[in-house]
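Input: a single structure, listed below in structure tokens.
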Amino acid sequence: MRYRVRMTPSAVRTRPWELEGGLLRSPLLSSMGLVAGFTTRAFGSMGDTTTPREVQQRNRSDLATLLGFGGVARAKQVHGDEVVQVTDVPAAWPEADAMWAARRGLLLGVVAADCVPVLVASEDGDVLGVAHAGWRGTSLAIASRLVEAMTVSGGGTVVAALGPSIGPCCYTIDDERAGLIAERLGPGNEDLVAGGRFDLWAANARQLLAAGVTSVEVSGICTRCGSADVWSYRGRDSHPEYGTCMAFLGRPEG
Ligand SMILES: [Zn+2]
Numbered sequence: 003m004r005y006r007v008r009m010t011p012s013a014v015r016t017r018p019w020e021l022e023g024g025l026l027r028s029p030l031l032s033s034m035g036l037v038a039g040f041t042t043r044a045f046g047s048m049g050d051t052t053t054p055r056e057v058q059q060r061n062r063s064d065l066a067t068l069l070g071f072g073g074v075a076r077a078k079q080v081h082g083d084e085v086v087q088v089t090d091v092p093a094a095w096p097e098a099d100a101m102w103a104a105r106r107g108l109l110l111g112v113v114a115a116d117c118v119p120v121l122v123a124s125e126d127g128d129v130l131g132v133a134h135a136g137w138r139g140t141s142l143a144i145a146s147r148l149v150e151a152m153t154v155s156g157g158g159t160v161v162a163a164l165g166p167s168i169g170p171c172c173y174t175i176d177d178e179r180a181g182l183i184a185e186r187l188g189p190g191n192e193d194l195v196a197g198g199r200f201d202l203w204a205a206n207a208r209q210l211l212a213a214g215v216t217s218v219e220v221s222g223i224c225t226r227c228g229s230a231d232v233w234s235y236r237g238r239d240s241h242p243e244y245g246t247c248m249a250f251l252g253r254p255e256g
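Here the sequence shown is numbered in the working numbering, starting from 3 and rising by one per residue.
Below is the structure:
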């Protein structure tokens with residue numbers, strides 16, 4: 003289902019990502035000449051604790067080849083707020099939930115199964131960044147931290163897109179977690195955790211705008227109740243296998 007971000011400022015727009023060859027593509031970032039999207043289950047798991055490591059590695063490598071890149075830069079995601087710059091596909095994955103790069107020909111990837119994949123690009127496409135924002139990362143403002151790292155490093159004006167992830171339609175949380183999130187996010191953000199739900203899309207959009215992003219595209223595709231063929235951590239019992247899909251962002255060479 004589609005779900006609009008509440009009290010949407012004009013800079014935030016819900017625009018469904020388009021399915022093309024088994025991949026969901028961001029219309030906004032694709033229109034800038036970038037390779038930007040989210041895999042579906044047809045591409046297999048991109049990173050989880052049960053699928054054999056070599057299978058995941060092959061899935062990522064096949065995807066990179068299909069997209070015209072030599073590999074995909076990944077980080078060990080730990081639901082934290084660390085942001086790293088990468089200049090190549092790292093042999094040893096840095097421990098971080100966001101990374102950015104200022105070069106062509108490098109594909110950045112974050113895996114997710116309900117957490118929000120945040121894709122950020124400078125308007126000229128020269129500086130690109132990705133973040134993995136679940137409730138922990140969002141409450142730690144990982145999206146803002148990524149944008150700050152990119153703009154301080156010369157990213158200039160930036161735009162962003164939020165990929166398929168669990169929507170406010172499905173993301174229920176208990177009072178204890180709501181209290182912790184509200185405390186971390188600070189005054190003025192109580193509405194994001196109202197009614198026993200955490201609106202991850204609105205929270206990340208708000209953080210991106212506050213950090214200076216001029217335009218935010220929200221895919222509006224819920225991994226839990228939407229029709230896209232993607233994994234959902236919350237909905238993992240409804241599918242025989244569990245895995246994660248990968249959000250990707252890169253600028254081709256040339
Ligand atoms: Zn939903």
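We treat Cβ as the ideally placed atom computed from N, Cα and C, and that holds for glycine. Just so you know, these numbers come straight off a predicted model, no measurement behind them.
Worksheet item: With respect to the beta strand (DSSP E) encompassing L26, which residues constitute its N-terminal and C-terminal limits?
Response: As a working note, residue 26 is residue 24 in the sequence shown. It spans 25-27 - the beta strand (DSSP E) in which L26 sits, taken as one unbroken run.
Worksheet item: CA-CA distance, V14 and A196?
Response: Stepping through the sequence shown from its first residue, residue 14 is reached at position 12. Stepping through the sequence shown from its first residue, residue 196 is reached at position 194. V14 and A196: Cα-Cα distance of roughly 20 Å.
Item to complete: With V57 as the anchor, note down where its beta strand (DSSP E) starts and where it stops.
Response: Locating residue 57 in the sequence shown gives position 55, where the first residue counts as 1. No beta strand (DSSP E) holds V57; the alpha helix (DSSP H) holding it covers 55-69.
Practice prompt. Give a single yes or no on whether G169 has its beta carbon closer than 7 Å to a heavy atom of ligand 1.
Written response: Counting from 1 along the sequence shown, the entry for residue 169 is found at position 167. Flag set: Cβ of G169 near ligand 1.
Item to complete: Look up G87 in the DSSP assignment and give the residues it is bridged to.
Response: To locate residue 87, count along the sequence shown from 1; it is residue 85. One detail in the question is off: residue 87 reads as Gln in this sequence, not Gly. According to DSSP, Q87 bridges with W102.
Item to complete: With a 10 Å radius around its C-beta and 16 neighbouring C-beta atoms as the bar for buried, classify H134 as buried or exposed.
Response: Counted from its first residue, the sequence shown places residue 134 at position 132. Flag for H134 reads buried.
Worksheet item: Would you say the region 181-191 touches the region 52-60, given that touching needs at least three Cβ pairs under 8 Å?
Response: no
Fill in: Given R17 as reference, the closest of S217, R238, Y235 once Cα atoms are compared
Translated into positions along the sequence shown, residue 17 becomes position 15. Closest option to R17, Cα to Cα, is S217.
Item to complete: In the DSSP assignment, find the beta strand (DSSP E) that holds G252 and state where it starts and stops.
Response: Along the sequence shown, read from residue 1 onward, the residue named residue 252 stands at position 250. Taken as a continuous stretch (DSSP letters only), the beta strand (DSSP E) holding G252 covers 247-252.
Discussion item. Given this structure, state the Cα-to-Cα distance separating G131 from E243, to the nearest angstrom.
Written reply: In the sequence shown, the residue the question calls residue 131 occupies position 129. In the sequence shown, the residue the question calls residue 243 occupies position 241. Straight-line Cα distance between these residues: approximately 30 Å.
Worksheet entry | Sequence-distant residues of its chain with Cβ nearer than 6 Å to R8 (five each side left out) | Along the sequence shown, read from residue 1 onward, the residue named residue 8 stands at position 6. At R8 the pLDDT is 49, less than 50, meaning the model places this residue with poor confidence and gives no usable figure here.
Item to complete: Express the C-alpha separation of G46 and N61 in angstroms, rounding to a whole number.
Response: Against the sequence shown, residue 61 aligns to sequence position 59. Against the sequence shown, residue 46 aligns to sequence position 44. Cα-Cα distance, rounded: 6 Å.
Worksheet item: For the alpha helix (DSSP H) that contains V149, what are its first and last residues?
Response: Position 147 of the sequence shown, counted from the start, is the residue given in the question as residue 149. Taken as a continuous stretch (DSSP letters only), the alpha helix (DSSP H) holding V149 covers 144-152.
Practice prompt. Give the single residue among G107, A143, E84 whose Cα lies nearest to the Cα of V91.
Written response: Counting from 1 along the sequence shown, the entry for residue 91 is found at position 89. Comparing Cα-Cα distances from V91 to each of G107, A143, E84, the minimum goes to G107.
Worksheet item: If we call anything under 8 Å between Cβ atoms a contact, is G82 one with L142?
Response: Within the sequence shown, the letter at position 80 stands for residue 82. Within the sequence shown, the letter at position 140 stands for residue 142. Contact: yes.
Worksheet item: Do V113 and M34 have their CB atoms nearer than 8 Å?
Response: Counted from its first residue, the sequence shown places residue 113 at position 111. Counted from its first residue, the sequence shown places residue 34 at position 32. Taking 8 Å as the Cβ cut-off, V113 and M34 do not qualify as a contacting pair.
Worksheet item: Looking at C-alpha atoms only, which residue of S12, R43, P11 is the closest neighbour of L21?
Response: Within the sequence shown, numbered from 1, the residue matching residue 21 stands at position 19. Checked all of S12, R43, P11; the closest Cα to L21 is R43.
Discussion item. Once the 5 residues before and after R27 are set aside, which same chain residues still bring their CB inside 7 Å of it?
Written reply: Taking the first residue of the sequence shown as 1, we reach residue 27 at position 25. Counting only Cβ-Cβ distances below 7 Å, and skipping sequence neighbours, we find W19, E20, A38, G39.
Item to complete: Ignore the nearest five residues each way along the sequence and tell me which others in A230's own chain have a CB closer than 7 Å to its CB.
Response: Reading the sequence shown from its first residue, position 228 is the one you call residue 230. L26, T42, P166, I223.
Fill in: Cutoff 7 Å; reference Y5; Cβ partners in own chain excluding five residues on either side
Position 3 of the sequence shown, counting from 1, holds the residue named residue 5. The pLDDT assigned to Y5 is 43, lower than 50, so where the model puts this residue is not dependable; a value taken from the coordinates is nonetheless given after this. Only G169, P170, C171, G222, C224 meet the Cβ criterion.
Worksheet item: Can you name the start and end residues of the alpha helix (DSSP H) that A180 belongs to?
Response: Position 178 of the sequence shown, counted from the start, is the residue given in the question as residue 180. Start and end: 177-187.
Item to complete: Out of L65, L148, A98, G198, point me to the one whose CA is closest to A2's CA.
Response: The requested residue 2 is not part of the displayed model; the chain covers only 3 to 256.
Item to complete: Use the C-beta contact count for D201: other C-beta atoms within 10 angstroms, 16 or more gives buried, fewer gives exposed.
Response: To locate residue 201, count along the sequence shown from 1; it is residue 199. Answer is buried; the Cβ neighbour count reaches 16.
Item to complete: Would you tell me roughly how many angstroms separate the C-alpha atoms of E2 and V118, rounded to the nearest one?
Response: Because the chain is modelled from 3 through 256, residue 2 falls outside the range shown and cannot be assessed.
Worksheet item: What do you reckon, is the C-beta of R199 under 7 Å from a heavy atom of ligand 1?
Response: The sequence position of residue 199 within the sequence shown is 197, counting from 1. Incorrect: R199 has no Cβ contact closer than 7 Å to ligand 1.
Practice prompt. Starting from A207, follow the alpha helix (DSSP H) in both directions and report where the run begins and ends.
Written response: Numbered from 1 along the sequence shown, position 205 holds the residue referred to as residue 207. Unbroken alpha helix (DSSP H) run through A207: 202-212.
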